[in-house]
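Participant:
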Amino acid sequence: MFKKFINDESGATAIEYGLIAALISVAIITAATTLGTKLSSTFSSVSNQLK
Numbered sequence: 098m099f100k101k102f103i104n105d106e107s108g109a110t111a112i113e114y115g116l117i118a119a120l121i122s123v124a125i126i127t128a129a130t131t132l133g134t135k136l137s138s139t140f141s142s143v144s145n146q147l148k
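Residue numbering for the sequence shown follows our numbering, starting at 98 and increasing by one per position.
1) So, helix, strand or coil for LYS135, using DSSP?
2) At the level of alpha carbons, what is the spacing between THR134 and LEU116?
3) According to DSSP, is LYS101 helix, strand or coil?
Printed below as a string of C-alpha cells:
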C-alpha cells in the first residue's frame with residue numbers, strides 16, 4: 098500500500114496544472130494592467146488635444 102502511494106503521480110500533475118494556471122493568470126493580469134495604463138494615457142492625450 099505504501100509503495101503504491103509513493104508511485105502515484107496523480108497529485109503531482111494536479112499541482113503542475115495549478116502552477117501553470119497561476120502563471121497564466123499572472124501574465125494576463127500583468128498584460129491587462131499594462132494595456133489599461135497605455136489606454137488611459139492615450140485617452141488623456143486625445144482629451145487634452147481636443148480641449
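Beta carbons: idealized from backbone N, C-alpha and C, even for Gly.
Note that the structure is predicted; figures quoted are calculated from it, not measured.
Facilitator: Taking the geometry as given:
1) By one-based count along the sequence shown, residue 135 stands at place 38. Three-state result, LYS135: helix.
2) Numbered from 1 along the sequence shown, position 37 holds the residue referred to as residue 134. Numbered from 1 along the sequence shown, position 19 holds the residue referred to as residue 116. THR134 and LEU116: Cα-Cα distance of roughly 27 Å.
3) Stepping through the sequence shown from its first residue, residue 101 is reached at position 4. Three-state result, LYS101: helix.
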